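Undergrad:
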Amino acid sequence: MNPSPLTSSETKLPACPAPVCAELDKGGGVRLGSHTFAIYSCAALPPSWPQLRDDVTTYTQLTACAARVCETLPVLLNLDPCTLAQLASLPASTSRSIGTIPTVPWFLLHASMFERHCVIGHGSTVESLLVILQRPWCVLEACCSNTETIIALRDFALVAAQVDPDRYDAAVRLLSHESGARGTLGRDLIYRTKHVCASRSSLAAVRSIYVASTLTAVTSYNRFWLSLICTCAVYVEIPFSEVVRQMRDDLMLLRQIGNQVM
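So that you can map any letter, position 237 of the sequence shown is 565 in our numbering, and since no number is skipped, the others follow by simple counting.
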């Protein structure tokens, strides 16, 4: 995947855009323009923020890692009205959940459809990344981006987790699995086999990723699909992004079959 042409260290303009994204988001996520998926969160900074900010060594490392992230994943701050007007809702299915099974996370499926991604943040690049990396769903959205971005985000999360493991251990585990499952060749791997043949990961690894993704310090939305996606990917040792793509393709096929029947 190619990095977005929006790539820059930061964009600083007047207004806080994350609440705008939240208002627009009806379950399918938000796009910026026609070609960029917007990753955002209205969560607060972690309680450890003063410690992360005031420790010179840690903050210097976070700043350096954030700069590398921004080389391939734009972090957009305080958007002006013209740019805010480019934010738009992505569609979500109107079908209800089946029994006790929650509705499919359409926002994540849409994240996998876009080659370009950005972070809609606030304050600074470091603050914006600290906010989204607390949220496993945001991390999985980021896992749909290119390998360079995932590695840079993992390095950022590793620094944050040294100070606040309760908040950032999940991000480290998720990003480490995604980058490792794609291989060590430094390129994006696309799995298109109809039946994936892979060695089964240990039960301990599956349990570990389940705990990391669902028992985080920040309560996660829609834990059923979150744990299902994470544990399936670890069990068959494929990237999270590939599990999401397979879900997306299967749902599209079901829709086509449904339309033909009707």
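Built from N, CA and C at the ideal position, the CB exists for glycine as well. It should be emphasised that the depicted structure is a prediction, and the values quoted were computed from it without experimental measurement.
Kindly provide the ranges of any beta strand (DSSP E) runs that are 3 or more residues long and lie completely inside the region 438-525, ordered along the chain.
TA: Listed in chain order, the complete beta strand (DSSP E) runs (minimum 3 residues) inside the region 438-525 are 444-449.
Undergrad: Could you tell me if V384 is buried or exposed, where buried requires 16 or more neighbouring beta carbons within 10 angstroms of its beta carbon?
TA: Answer is exposed; the Cβ neighbour count stays below 16.
Undergrad: Would you call Q462 buried or exposed, if buried means 16 or more other Cβ atoms sit within 10 Å of its Cβ?
TA: Flag for Q462 reads buried.
Undergrad: Just verifying my parser: in three-state terms, what is the DSSP assignment at E570?
TA: Of the three classes helix, strand and coil, the one that applies to E570 here is helix, per DSSP.
Undergrad: List in chain order: all unbroken beta strand (DSSP E) runs of 3+ residues lying wholly within the region 358-386.
TA: Listed in chain order, they are 358-360, 364-368.
Undergrad: Would you kindly work out how many angstroms separate the C-alpha atoms of H505 and L556, rounded to a whole number?
TA: If I take the Cα positions, the gap works out to 15 Å.
Undergrad: Pick helix, strand or coil for A561, following the three-state DSSP scheme.
TA: Looking at A561 - three-state DSSP - the assignment turns out to be helix.
Undergrad: Within 10 angstroms of its Cβ, does M580 collect 16 or more other Cβ (buried), or is it exposed?
TA: Exposed.
Undergrad: Looking only at its chain, what residues have a beta carbon closer than 6 Å to the beta carbon of C560, apart from the 5 residues adjacent to it on each side?
TA: For C560, where only same-chain residues beyond five positions count, the Cβ hits under 6 Å are V571.
Undergrad: Which one or two residues does DSSP pair with S417 in a beta bridge?
TA: DSSP lists V358 as partners of S417.
Undergrad: Do L503 and L481 have their C-beta atoms closer together than 7 Å?
TA: Closer than 7 Å, so yes.
Undergrad: Measuring alpha carbon to alpha carbon, tell me which of P402, E565, W465, V562 ends up nearest C446.
TA: If we check each option's Cα against that of C446, P402 comes out closest.
Undergrad: Quick check: the region 411-421 against the region 486-493, are at least 3 beta-carbon pairs closer than 8 Å?
TA: Touching, no.
Undergrad: Do Y368 and A346 have their C-beta atoms within less than 7 Å of each other?
TA: Yes, Cβ-Cβ distance for Y368 and A346 is below 7 Å.
Undergrad: Got a sec? Which residues, its chain only, sit under 8 Å from E455 by beta carbon, not counting five neighbours each side?
TA: Cβ neighbours of E455 beyond the five flanking positions: L373, W377, G449.
Undergrad: Considering only C-alpha positions, which residue in the set A532, D483, L436, L352 is nearest to L554?
TA: The candidate whose alpha carbon is nearest that of L554 is L436.
Undergrad: Beta-carbon separation of I558 and S536 under 7 Å?
TA: Note on residue identity: the sequence assigns Cys, not Ile, to residue 558. Going by C-beta atoms, C558 is not nearer than 7 Å to S536.
Undergrad: I need the straight-line Cα distance from F320 to L531, nearest angstrom please.
TA: What the structure shows of the chain is the stretch from 329 to 590, and residue 320 is not part of that stretch, so it cannot be assessed.
Undergrad: Excluding the five sequence neighbours on either side, which residues of its own chain have a C-beta within less than 7 Å of the C-beta of V534, listed in chain order?
TA: Closer than 7 Å at the Cβ level, and outside the excluded window around V534, lie T559, V562, Y563.
Undergrad: With DSSP collapsed to three states, give me the class of C410.
TA: Looking at C410 - three-state DSSP - the assignment turns out to be helix.
Undergrad: For A485, which residues in the same chain have their Cβ closer than 7 Å to its Cβ, ignoring the five residues on either side in sequence?
TA: Excluding positions up to five away in sequence, the list reads L461, Y496, A499, V500, L503.
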